[in-house]
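Quick note, the sequence shown lines up with residues 1 to 782 if you use the UniProt record's numbering.
Have a look at the structure below, then the notes.
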Amino acid sequence: MASRVGLVYDERMCAHENVDSDDHPEQPARITSIYQRLKAEGVVDRCVQVDAREATPAELSTVHTEDHISLMQELGHKSFGKKKRRRLQETFDSIYFNEGSAVAALLAAGSVIEVATQVAEGKLASGACVIRPPGHHAEADRPMGFCLLNNVAVAAHILAHEKTELGVKKVLIVDWDVHHGNGTQHMFWTDPQVMYFSVHRFDQGRFYPPGNDGNCTEVGGEEGKGYNINVPWPNKDYGDADYLAVWKYILMPVARQFNPDIVLISAGFDSARGDPLGRCNVTPGGYFQMTRQLMELANGRVVLALEGGYNLTSISESYLACMQAMLGDSPVLKVEHDLLPETFPVIKEVRKHLQMYWPILAEEPLPVPFTPAPSLASKSSTLQELEGMVIESLDEDQQWQTPPQPAIIPITDLIDLLSKLRAWDGSSDIVHDEPTSSTVITSDEKGKKIISSGELSFAGISGPEDIATVLQLSGADSSSFAGEGDGGAVEDEVATGRMEVESEFLRSPSGTMEGIVNTKAGKEEWNALGSTRKIVQNMDESRNELNASGIDSYRNVSSDLSSSEEASGAGDIVEPSYMWYACYGSNMWRPRFMCYIQGGKVEGMSRTCIGCRDKSPPLASEWLSIPSRLFFGHESTKMWGLGGVAFIDPVPEAGILTHVRIYKITMEQFNDVLSQENPGRVERSWMTGRHIAQLKKESRHFLDIFEDEWYGTVKYLGEKDGLPILTFTCPESHMKKFRSGEFGTFAPPESYRNVIVHGLVEDLGLTEEQAHDYVSSAILPK
Ligand SMILES: [Zn+2]
Numbered sequence: 001m002a003s004r005v006g007l008v009y010d011e012r013m014c015a016h017e018n019v020d021s022d023d024h025p026e027q028p029a030r031i032t033s034i035y036q037r038l039k040a041e042g043v044v045d046r047c048v049q050v051d052a053r054e055a056t057p058a059e060l061s062t063v064h065t066e067d068h069i070s071l072m073q074e075l076g077h078k079s080f081g082k083k084k085r086r087r088l089q090e091t092f093d094s095i096y097f098n099e100g101s102a103v104a105a106l107l108a109a110g111s112v113i114e115v116a117t118q119v120a121e122g123k124l125a126s127g128a129c130v131i132r133p134p135g136h137h138a139e140a141d142r143p144m145g146f147c148l149l150n151n152v153a154v155a156a157h158i159l160a161h162e163k164t165e166l167g168v169k170k171v172l173i174v175d176w177d178v179h180h181g182n183g184t185q186h187m188f189w190t191d192p193q194v195m196y197f198s199v200h201r202f203d204q205g206r207f208y209p210p211g212n213d214g215n216c217t218e219v220g221g222e223e224g225k226g227y228n229i230n231v232p233w234p235n236k237d238y239g240d241a242d243y244l245a246v247w248k249y250i251l252m253p254v255a256r257q258f259n260p261d262i263v264l265i266s267a268g269f270d271s272a273r274g275d276p277l278g279r280c281n282v283t284p285g286g287y288f289q290m291t292r293q294l295m296e297l298a299n300g301r302v303v304l305a306l307e308g309g310y311n312l313t314s315i316s317e318s319y320l321a322c323m324q325a326m327l328g329d330s331p332v333l334k335v336e337h338d339l340l341p342e343t344f345p346v347i348k349e350v351r352k353h354l355q356m357y358w359p360i361l362a363e364e365p366l367p368v369p370f371t372p373a374p375s376l377a378s379k380s381s382t383l384q385e386l387e388g389m390v391i392e393s394l395d396e397d398q399q400w401q402t403p404p405q406p407a408i409i410p411i412t413d414l415i416d417l418l419s420k421l422r423a424w425d426g427s428s429d430i431v432h433d434e435p436t437s438s439t440v441i442t443s444d445e446k447g448k449k450i451i452s453s454g455e456l457s458f459a460g461i462s463g464p465e466d467i468a469t470v471l472q473l474s475g476a477d478s479s480s481f482a483g484e485g486d487g488g489a490v491e492d493e494v495a496t497g498r499m500e501v502e503s504e505f506l507r508s509p510s511g512t513m514e515g516i517v518n519t520k521a522g523k524e525e526w527n528a529l530g531s532t533r534k535i536v537q538n539m540d541e542s543r544n545e546l547n548a549s550g551i552d553s554y555r556n557v558s559s560d561l562s563s564s565e566e567a568s569g570a571g572d573i574v575e576p577s578y579m580w581y582a583c584y585g586s587n588m589w590r591p592r593f594m595c596y597i598q599g600g601k602v603e604g605m606s607r608t609c610i611g612c613r614d615k616s617p618p619l620a621s622e623w624l625s626i627p628s629r630l631f632f633g634h635e636s637t638k639m640w641g642l643g644g645v646a647f648i649d650p651v652p653e654a655g656i657l658t659h660v661r662i663y664k665i666t667m668e669q670f671n672d673v674l675s676q677e678n679p680g681r682v683e684r685s686w687m688t689g690r691h692i693a694q695l696k697k698e699s700r701h702f703l704d705i706f707e708d709e710w711y712g713t714v715k716y717l718g719e720k721d722g723l724p725i726l727t728f729t730c731p732e733s734h735m736k737k738f739r740s741g742e743f744g745t746f747a748p749p750e751s752y753r754n755v756i757v758h759g760l761v762e763d764l765g766l767t768e769e770q771a772h773d774y775v776s777s778a779i780l781p782k
């Protein structure tokens, strides 16, 4: 049986017109355009025509004050002159009146009541109202924002509270107009029987209607708490994928549980692509999907009522798409699938305020959406493709738990290689079997770099304390470390350590550096051997030179250090053993990577890198693709500013391909790059041949080298030309926090993004557009 879809339209609603302005956006042509489009497409003939009728004062009194109802009626009286109307309209916010305003407003409200009632009665399966003026800004006691009477609110109230014989106990109002429906929200603020859901531009309270009403903190009051849901977009451009994500992760789960008896849609199409007021990006395909999903509720009892929307073509095509969904047509329209980076942060925030009322939202952590690799991505796709690629895969939390798969590159026997590998090992006269090292870069107020580099080995301590000691002994300032993983916590520790080391040092007997280091981790005994002290003292002397001459003096420091080492017999210079360092972020651009090798910085970097001890350039470089998800994590870095930096999920994932550039460098250089990526870390557990052997044995081929550092995990990707390919990323413990949202994911800063794009364009050969698309595709929600 064909479903009976009601349609109401009446030209008398064109009588409301702005007589002072020809180009007021809320114009009669809005409804004539829509109706003509529906007619041309044969939709009108497929619907049941419902006659428009005026709302009665009794009906309107369910949500409006008597004064307001009287005013709306009097507006139409002949005695109500032009001047009076004009004077009156000035007292309201964004309102015009003419002699036709009253009849249009009463017909608009009455039409929604009529259609909604017939749907509730079962005479119609669903219904559509091509009406104006719109309603959702209208307050109980006054018109506002082009709205005279709150059409949808009147109908909702009557169904939920007046016509109880129809059995409608719960009404869901879905308001996708780009503006927040302040009037509707206020009318049902404490009413648990009428759920008001609105997704709209909020722009931190600056978008119309201004103020905090549309914020997601506004969840309803008293009995109605949890029944008012606002999804506030922070700016323009939100489109299909963003709205469908809101449907999937907020609206639909809550609506299913609320289980309404009827759904009324405040269908403003000023959220449509092309709207001059909304500047958002929903396409007809998006509205089709949004409607179709709402048809799954309340046995399909859905009523569509026009609110705003000011581009005549956009509103006509969009309205048509909604009606095709109501008529059960197959989807033929394309849906755009680009999610904006703020969408999931917004969704997460909304859920945070709602989940105490709707625990279903808390049951599952927000999944990180799968974004297709650039080769698969296109500007738009068919609906089917969209569902496969974006929306459905948003579901797949388990993607994160995909069982480990073998590395893509066959692993050959490493034994021969390992016999050649020698980690940096200059510790014959030091207590430890493996020495520690520190490289620290600081800068003075004028941005001049002060570089301290040394090799220190202490008994029983490692990590920030070592640096703290270096800093203390060399008198350097700890406030500035270069690197991408420069979390504040490490610095705090260093600062604490430095302070306490300082006090202890002053009390130490001169000449023998023995004592207690107080750190956050507790007291640890240490002693520094003469050779170490000598190095430190040497650094201290060099420091003044550095202050004067800047970064170029680093070489002198290096040679000073070498000679110190030799004098103390602290280390042999090992022969370089090569490996492939694989990178997927800014290091893909060779000039940026060379900063880690040779020191210095490129445009966009706010800090200068110290470089490696061995400044020889890489012997070779190639590009690979690996099946690991690329994303941008953390809020900001000192190196690049506000925004995330690149990581890969250490666990491979089917269907993902991430560009990786590999550089042939020495193990020592790799260790030095690792150290620069994790500034402030001095650990005994440097990457050594032993670690590589262990990585090879590990079923998942990754190991935490620094347990709680941003880039503390080294991943073995396989081999090339008999040499291991290694990269580093965040530890698995951090991945868990990224997944749960405890750690944020943010779009990369412009500076960082540009460096990645440079690499992909200049060195890999992508077009600018491809490179930007590639970066965009890796931007994940928090
Ligand atoms: Zn609007």
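From the three backbone atoms N, C-alpha and C, an ideal C-beta is built for every residue, glycine too.
Just so you know, these numbers come straight off a predicted model, no measurement behind them.
Any non-hydrogen atom of ligand 1 within 7 Å of residue i CB
i      : result
Asp177 : yes
Asp22  : no
Asp93  : no
Gly220 : no
Asp213 : no
Gly135 : no
Gly268 : yes
Gly274 : no
Gly308 : yes
Other residues of its chain near residue i: CB distance less than 6 Å, five sequence neighbours each side excluded
i      : result
Tyr596 : Cys609, Val673, Gln676
Arg279 : Lys236
Inter-residue Cα distance where the pair is residue i and residue j
i      : j      : result
Val48  : Leu38  : 13 Å
Thr382 : His337 : Interpretation of Thr382 is limited by its pLDDT of 32, a score under 50 that renders its predicted location unreliable; the figure taken from the coordinates is listed afterwards. Straight-line Cα distance between these residues: approximately 10 Å.
Lys615 : Gln598 : 5 Å
Leu166 : Ala140 : 25 Å
Tyr238 : Gly689 : 50 Å
Phe146 : Trp623 : 58 Å
His68  : Tyr9   : 25 Å
Leu376 : Asp773 : In this prediction, Leu376 scores a pLDDT of 32, lower than 50, which makes its location untrustworthy; the coordinate-derived value is nonetheless stated afterwards. Roughly 11 Å between the two C-alpha positions.
Leu657 : Tyr584 : 11 Å
Ser126 : Leu764 : 55 Å
Ile189 : Trp589 : It should be noted that the sequence gives Trp, not Ile, for residue 189. Answer to the nearest angstrom: the Cα atoms are 55 Å apart.
Ser61  : Asn150 : 11 Å
Phe92  : Val130 : 25 Å
Tyr663 : Gly741 : 33 Å
Lys638 : Phe743 : 17 Å
Leu294 : Arg351 : 20 Å
Residue of the options minimising C-alpha distance to residue i
i      : options                        : result
Thr217 : Pro210, Gly226, Pro209         : Gly226
Ala620 : Met594, Met639, Val50          : Met594
Val19  : Phe97, Asp51, Glu698, Ala29    : Phe97
Ile265 : His659, Leu251, Gln257, Gly274 : Leu251
Glu54  : His68, Leu106, Phe258, Glu17   : Leu106
Leu760 : Arg629, Ala108, Pro209, Asn587 : Asn587
Asp191 : Pro209, Leu172, His180, Asp177 : Leu172
Pro617 : Lys601, Glu635, Thr666         : Thr666
Glu653 : Arg700, Phe738, Cys322         : Arg700
Leu297 : Ser271, Leu333, Phe258         : Phe258
Val168 : Val178, Glu121, Arg87, Arg607  : Glu121
Ile779 : Glu768, Gly285, Arg753         : Arg753
Whole-number beta carbon distance between residue j and residue i, since they are thought to touch under 8 Å
i      : j      : result
Thr291 : Ala325 : 4 Å
Thr729 : Pro650 : 6 Å
Leu723 : Tyr578 : 6 Å
Val335 : Asp240 : 5 Å
Gly268 : Glu307 : 4 Å
Ligand 2 heavy atom lying under 7 Å from the CB of residue i
i      : result
Asp203 : Annotation note on ligand 2: not contained in the displayed structure, which lists ligand 1 as its ligands.
Nonlocal neighbours in the same chain, by C-beta distance under 7 Å from residue i, ignoring five residues either side
i           : result
Ile113      : Ala55, Glu59, Val154, Ala155, Ile158
residue 783 : With the chain covering 1 to 782 only, the question about residue 783 has no answer from this structure.
Met13       : Ile31, Ala104, Leu107, Ala108, Ile131, Arg132
Beta-carbon proximity list for residue i, same chain, < 8 Å, skipping 5 on both sides
i      : result
Glu349 : Cys216
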